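Input: a single structure, listed below in structure tokens.
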Amino acid sequence: MTLIGLRPIHVIGMVLALTMFYQSFRLVRSGKGSVFEFLLWSCFGTMLFALSLGDVVTLLRVYEAMEVILAVLGFGSGLTGLLVLSNLALLMMLFYTFVKVKTNRKELYDLNQEIALSQFENNRD
């Protein structure tokens, strides 16, 4: 045990969460990422940061507040709610990745056609 019950794994989690937040902010700022991606990764980073705080989270009664929120949403227990929400988040990420791959594949196909047409025109001349 170290300061306020933080172990090295907690510090690693906090560093990863802050890095995730900073990288997503940087990508949106440079125009390489969308606001949706920023919000998605910021939510994951915030949850990781909250869980990485260790004993501080129990002192602030974050888990009880989460259980109240999940009970309002209709989940019986907090653990069941967290499992369902994490599965939904993973499915959303999987769907988002599928859409990105499909979009990139179409863009690659269009680019390939443009290159083939330009090479055909250059060879004709």
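Under my numbering, the first residue of the sequence shown carries the number -5, and numbering increases by one thereafter. Glycine is no exception: its CB is placed at the ideal position from the N, C-alpha and C atoms. Just so we're clear, the structure is a prediction, and the values are computed from it rather than from any experiment.
Residues near residue i in its chain [Cβ-Cβ closer than 6 Å; skip 5 each side]
| i | result |
| --- | --- |
| Gly7 | Leu42 and Ser46 |
| Arg23 | none |
| Gly27 | Leu21 |
For residue i, the nearest candidate out of the options (CA to CA)
| i | options | result |
| --- | --- | --- |
| Leu10 | Val29, Arg23 and Ser36 | Ser36 |
| Leu34 | Leu88, Leu64 and Glu101 | Leu88 |
| Val78 | Thr91, Leu64 and Tyr90 | Leu64 |
| Lys94 | Tyr16, Phe30 and Val5 | Phe30 |
Check whether residue i and residue j have beta carbons under 7 Å apart
| i | j | result |
| --- | --- | --- |
| Met14 | Gly39 | yes |
Contact with chain D by residue i, beta-carbon distance below 7 Å
| i | result |
| --- | --- |
| Leu85 | This model lacks chain D altogether; it includes just one protein chain. |
Beta-carbon contacts of residue i that lie in its chain and below 8 Å, excluding the five residues immediately before and after
| i | result |
| --- | --- |
| Val5 | Ser46 |
| Arg118 | none |
Contacts around residue i, its chain only, beta-carbon distance under 7 Å, and the 5 residues preceding and following it disregarded
| i | result |
| --- | --- |
| Gly68 | none |
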